[in-house]
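What follows is a single structure, written as structure tokens, with notes after it.
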Amino acid sequence: MDLALWRERIVYQGGLLALSTFLTSAALVLANRATVSAIEQAAQDDLKQSLTQVLPEGMADNDLLADALEVADTGGRKVNVYRGRKAGQFSAAVFEYRARGYAGDIVILLGVDPAGAVTGVRVLRHSETPGLGDKIEAAKSDWIHAFEQKSLAGMPLASWAVKKDGGVFDQFAGATITPRAVVKAVREGLQFYAAHQAEISEAAR
Amino acid sequence: MSTDSMGRLWRDGLWDQNVVFVQLLAMCPTMAVTTSGTNGLGMGLATTAVLVVSNMLIASIRDFVSSQVRIPVFIVVIATLVTLVDMSLNAWLHGLHKVLGLFIALIVVNCAILGRAEAFASKNGVLASAVDGLAMGLGFTFALTLMGLVRELLGAGTLFSQASLLLGPAFSFMEVTVLPGYTGVLMMILPPGGFLVLGFLLAGRRLIEQRISRRACAGGPAQSACSA
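In order, the protein sequence lines correspond to chains A and B. First residue of the first sequence: 20, per the numbering used here; consecutive thereafter. First residue of the second sequence: 23, per the numbering used here; consecutive thereafter.
As structure tokens, this is what we get:
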């Protein structure tokens, strides 16, 4: 029987579907095996690069990625805290924190020194309005540097807000929700750090 | 394959049957990524690469595929292909993946790819399908880059901003600030701007077509084609 007739048979069609899904799955499995370690390595490099952005040069001399600790925050969410050490002494903590922005979560990476002051903040992921809310990116505006050296102890909690709400941080023309969310994420991140400071710095030794 | 039909494929892909301007396919990536010329170019090139390979693959298995189950087979082949491209870029060309990563996932939902598999590659040879994929892909790239440039110019006053991130530092000469100090019409970068710009570009394309056909009627003896 030739191919044209075979193609009309239900057995052939079922077999064809099975074979094509089998072959494509096999291709994906092989490709995954070939790439998984390289992808992991690239993700680690990315993380390392953003870690160095929120932690000024010379603040830590260890491999932060190797010194991670999982801490549950008040909402029960697990936060990965990377600890910097200088000559064995706990010198900084870096972790991701998030708050709800105008369009989805804004994820920030926050660096904190042992006294609870911000060493640096970067926005890792967001889906805010391009041209309005994306000034929170370091590449687009230097607004994000306003947090550096600020701490909960340094100023009253009410000042941890945008100027419109009586705080000290600028909002953007036409976008208040986005900077408000970033300020909230930083403030809550600092509160999280304050609440778990003992745990974070203790286990670092 | 004759050079005549090759020329036909190129004309179709770039202008007569342009994926965006004529077939109005692939509206999802078109609206989503054309906020700048660079984004349009990146999406266009990534799609072109996938389109060429998927067309060739589909053309080479076309004899074995029953017409009743062809759609699921094509979909699984295309989705696999896109995932493979995504994985290998992420692993070995990570810098490029950071810029293009967003686009690659979107290629799966690009119905132009399935459209070409269905309309062309499942009926033609491997070489013709490769040319068709290349022509259609470049036509798509042209349309997306043009839309991106118009939206970027109106919305931000620049052209090809951040092109050096996509193409490498050697291409930083492409980044032009046309209107320094221009605050921009934000709406052009938001989704409504995409629809507006596409509408005007479609209208512009029809004007050009009209002018061409009027000129052809005025000069040529083939009057029968002109009444339409």
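Note that beta-carbon positions come from the ideal geometry of N, C-alpha and C, so glycine has one too. Every value quoted in this text rests on a predicted model; they were computed, and no experiment measured them.
Nearest neighbour of B:Q90, chosen from A:D21, A:Q32, A:D153 and A:L128 [CA to CA]: The option with the nearest alpha carbon to B:Q90 is A:Q32.
Assign B:G323 to one of three DSSP states: helix, strand, or coil. Outside the shown range of chain B, which is 23 to 250, sits residue 323 of chain B, and nothing can be said about it.
Can you name, in chain order, every residue of its own chain whose Cβ lies under 6 Å from the Cβ of A:I127, other than the five neighbours on each side? Apart from sequence neighbours up to five positions away, the residues of its chain that approach A:I127 with a beta-carbon distance below 6 Å are Y116, V140, V142 and A204, ordered along the chain.
Take B:A250 and list the residues in its own chain whose beta-carbon comes closer than 6 Å to its own, dropping the five residues that flank it on each side. Note on B:A250: pLDDT 47, under 50, position unreliable in the model; the coordinate value appears next. Cβ within range, chain order: n/a, list empty.
Where does B:T205 land, buried or exposed, given buried means 16+ other C-beta within 10 angstroms? Counting the other Cβ atoms within 10 Å of the Cβ of B:T205 gives fewer than 16, which makes it exposed.
According to the neighbour-count rule (16 or more other Cβ atoms, all chains shown, within 10 Å of its Cβ), is B:G221 buried or exposed? Exposure of B:G221 is indicated by the presence of fewer than 16 other C-beta atoms within 10 angstroms of its C-beta.
As assigned by DSSP and simplified to three states, the class of A:S39: Here A:S39 carries a helix assignment [DSSP, helix/strand/coil].
Just by C-beta distance, which residues in the region 69–92 of chain A are closer than 7 Å to chain E? Protein chains in the displayed structure are A and B, and chain E is not among them.
With 16 other Cβ atoms within 10 Å as the buried cut-off, status of B:I80: By the neighbour-count rule (16 or more Cβ atoms within 10 Å), B:I80 is buried.
Between A:S110, A:G95 and A:A57, which lies nearest to A:D82 when the distance is taken from Cα to Cα? Nearest C-alpha to A:D82 among A:S110, A:G95 and A:A57: A:S110.
Helix, strand or coil for A:Q190, going by three-state DSSP, please let me know. Shown here, A:Q190 sits in coil according to DSSP, grouped into three states, outside any helix or strand.
Per DSSP, what are the beta-bridge partners of A:G103 in this structure? DSSP lists A:A111 as partners of A:G103.
Find the residues of chain B that neighbour A:R26, judging by a C-beta separation of less than 7 Å, and give them in chain order. Chain B residues near A:R26: S88.
If we define contact as Cβ-Cβ less than 8 Å, is A:T197 a contact residue for chain B? It does not; no Cβ of chain B falls within 8 Å.
With 8 Å as the threshold, decide whether the Cβ of B:A240 is near any Cβ in chain A. Taking 8 Å as the threshold, the shortest C-beta distance from B:A240 to chain A does not fall below it.
Per-residue DSSP class, three states only, for A:D153: DSSP places A:D153 in helix when its eight states are reduced to three.
Residues near B:L118 by beta carbon distance below 7 Å, same chain, minus five either side: If we look at B:L118 and ignore the five residues flanking it on each side, its Cβ neighbours are L111.
Based on Cα-Cα distance, which residue from A:V131, A:L42 and A:S69 lies nearest to A:A158? The residue among A:V131, A:L42 and A:S69 with its C-alpha nearest the C-alpha of A:A158 is A:S69.
Note down, in chain order, each residue of its chain lying with its Cβ closer than 7 Å to the Cβ of B:N40, except the 5 sequence neighbours on either side. Excluding positions up to five away in sequence, the list reads G161 and A165.
Interfacial residues, the region 94–116 of chain B to chain A, with Cβ spacing under 7 Å: Those would be P94, V95, V98, V99, T102, T105, L106, M109, S110, N112, A113, W114 and H116, in chain order.
Suppose the cutoff is 6 Å on Cβ atoms and the five residues either side in sequence are ignored; what does the same chain contact list for A:R28 look like? Same-chain partners within the cutoff: there are none.
Using three-state DSSP, classify A:K97 as helix, strand or coil. Three-state DSSP puts A:K97 in a strand.
Tell me where the beta strand (DSSP E) around B:L47 begins and ends. Run containing B:L47: none; DSSP gives neither H nor E here.
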